[in-house]
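Below you'll find the structure, written out as C-alpha cells, and then a few comments.
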Amino acid sequence: MFTGIVQGKGPVVAIEEKENFRTHTVKFPPDMLAGIETGASVAHNGCCLTVTKIDGDLISFDLVKETLRLTNLGSIKTGDVVNLERAAKYGDEIGGHIMSGHIVTTAEIAKIFVSENNYQIWLRIEDKALMKYILHKGFVGIDGISLTIGDVVNNRFCVHLIPETRERTTLGKKRLGDKVNIELDPQTQAIVDTTERVLAQKMQQLQESLTPPVPMEKPQA
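Be aware that the sequence shown starts at 0, since it is given in numbering that gives the first Met the number 0, and climbs by one per residue.
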C-alpha cells in the first residue's frame, strides 16, 4: 500500500534486458535506505516493484512483461530519474490517498500551461472507457503522485502542481508527448461500476414490465 506522497527521486543506473523481462537498478537517496531489505515493495513512478538485490545504495528490481506493457517503465533508459515511495506502514500519515501501486494505463501529456504562480498539465488517456473513473475533484495517481483532478473534457483532464510537487517529483520536468503512469482511485471505480450495474438491472426490469404479455392461443374446437 502507498499514499501517493513521493519520498524521493532516483536515477536508473543500470538496465539488464532479457526477452519480455528486464532488471533495473536505481541509486536511492540516503534517507530512503533505512530498513530496506530484499522482498520489500517500492513504488517506481507509482508502479509497485519488489526489491531483488541490495548493494549499498544501489537497489535492483525485476520488471515482467505485463509491467513493461502497461507502464512507462519499459521506456526508461539509463540515467532517467524515477519517483520513489517506500510502502506505507501502519501509523504512517496518509497525506495523499490510498494507492495500490497497480497501474491501469498510461496517459500522454497533451498541454502544459505555466504562469508565475501556477503550473497546469493536461493529460490524454487513449482508452476512453476509463474516463468514467476520472471525475472533477476526484483523485488520481500520476507517476506515483496523488493529485486532485481539475477539469475533465472528453478523454482529457488536467491537474495543478504546486511548487513543492514540481521540485520533489519528476512531473515538473515532463514535456509534451511524454507518457505517465495512471492509477485510478479504487473507491471511485467501485462506486461507478456498482451504479452502472444497478442502473442496468433497473432498466432491464423496467423494459420487462413494459413488454406486453404474449397472448395465449385459444384451443381449437
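Note that CB positions come from ideal geometry on N, CA and C, so glycine has one too.
Please look up how many angstroms separate the CB atoms of Leu32 and Val41, rounded, as I've assumed it's under 8 Å. So it is not a contact: roughly 11 Å between Cβ atoms.
Smallest Cα separation from Ile144: which of Thr168, Leu122, Phe27, Tyr132? Thr168
Nearest-angstrom Cα distance between Leu67 and Asn180? Between Leu67 and Asn180, the C-alpha separation is close to 11 Å.
What does Lys17 pair with, by DSSP beta-bridge criteria? Phe20
Starting from Asp61 and walking both ways along the beta strand (DSSP E), at which residues does that stretch end? Counting along the chain, Asp61 sits inside the beta strand (DSSP E) bounded by residues 57-62.
Range covered by the alpha helix (DSSP H) that runs through Ser208: 185-209
Exposed or buried, Tyr89, counting other C-beta atoms within 10 Å across all chains shown (16 or more means buried)? It counts as exposed.
Would you call the segment 155-165 and the segment 180-195 in contact, with 3 or more CB pairs under 8 Å? As far as the Cβ criterion goes, the segment 155-165 does not touch the segment 180-195, which means the pair count is below three.
Nearest to Glu163 (by Cα), restricted to the options Lys136, Lys26, Asn117: Asn117
Just to confirm before moving on: does the CB-CB distance between Lys8 and Asn82 stay below 8 Å? Yes, the Cβ-Cβ distance between Lys8 and Asn82 is below 8 Å.
Buried or exposed (CB count within 10 angstroms, at least 16 for buried), Leu170: buried
Alpha helix (DSSP H) containing Thr164: first to last residue? 162-167
Close-in-space but distant-in-sequence residues of the same chain around Gly140 (CB under 6 Å, 5 per side omitted): Within the same chain, Gly3, Gly45, Met98, Glu182 come within 6 Å of Gly140 by CB-CB distance, once the 5 residues on both sides are set aside.
CA-to-CA distance, Asp61 to Lys110, given in whole angstroms: 33 Å
His43 - containing beta strand (DSSP E), residue span: Unbroken beta strand (DSSP E) run through His43: 40-43.
Give the secondary structure of Met98 by DSSP, where H, G and I count as helix, E and B as strand, and everything else as coil. strand
Continuous beta strand (DSSP E) assignments of at least 3 residues falling wholly in the segment 98-151: 104-113, 118-124, 138-141, 144-147
Ile53: first and last residue of the uninterrupted beta strand (DSSP E) it sits in: 46-54
Buried or exposed: which applies to Gly78, given that a residue is buried once 16 or more other Cβ atoms fall within 10 Å of its Cβ? exposed
Residue(s) in a DSSP beta bridge with Ile75: Paired residue(s): none; Ile75 is not in a bridge.
Classify Glu84 as buried or exposed, calling it buried when 16 or more other Cβ atoms lie within 10 Å of its own Cβ. Around the C-beta of Glu84, 16 or more other C-beta atoms lie within 10 Å, and the residue is accordingly described as buried.
As a quick exercise: from Asp126, Leu175, Thr22, pick the residue whose alpha carbon is nearest that of Ile108. Leu175
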